[in-house]
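Residue numbers (the working numbering): 1 to 138.
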């Protein structure tokens with residue numbers, strides 16, 4: 001049987017259902033949206049959990065070390081976000097493009113501005129971010 005055609009050309013065929021890279025102990029909820037090019041890498045003895053409804057944009061790299069790294073339900077990680085270590089990105093949090101999180105403690109509903117560096121010991125709350133920006137849920 002020949003491949004179906006569109007305008008006389010062969011249509012693309014699905015090669016793989018995995019368009020992102022997973023290494024180690026990684027759990028991804030069925031309803032999570034993960035763009036091509038995402039890397040999820042759990043070091044030995046560590047784990048990554050991506051909860052339901054989380055959205056990881058292209059170029060996101062998550063590397064768990066020394067424990068569990070959880071991306072909460074409905075959280076959004078923008079393009080080229082790097083998350084390293086252990087900790088939590090809370091439910092419905094928004095980590096803007098180009099940000100780096102080290103051992104994150106990002107609160108639910110928090111907003112991390114573009115290009116932020118959030119290092120160990122810093123945390124964000126639902127009303128402010130590490131860079132001092134604030135927003136309202138109203």
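Cβ atoms here follow ideal geometry from the backbone N, Cα and C, with glycine treated the same way.
Just so it is clear, the structure is predicted and the values come from calculations on it, not from any experiment.
Query raised in the report: In angstroms, rounded to a whole number, what distance separates the CA positions of residue 98 and residue 76?
Result: 13 Å
Report task. Could you check which residue in 19, 29 and 30 has the C-alpha nearest to that of residue 60? Result -> 19
Query - beta strand (DSSP E) segments (min. 3 residues) lying fully within the region 21-90 - result: 21-23, 26-28, 39-42, 47-50, 61-71 and 82-89
**Report entry** CB contact flag (residue 35, residue 52, <8 Å)
**Finding:** no
Report task. Buried or exposed for residue 74, please, with buried defined as at least 16 other CB atoms from any protein chain shown within 10 angstroms of its CB. Result -> buried
**Report entry** Beta-carbon proximity list for residue 114, same chain, < 6 Å, skipping 5 on both sides
**Finding:** 96, 97 and 98
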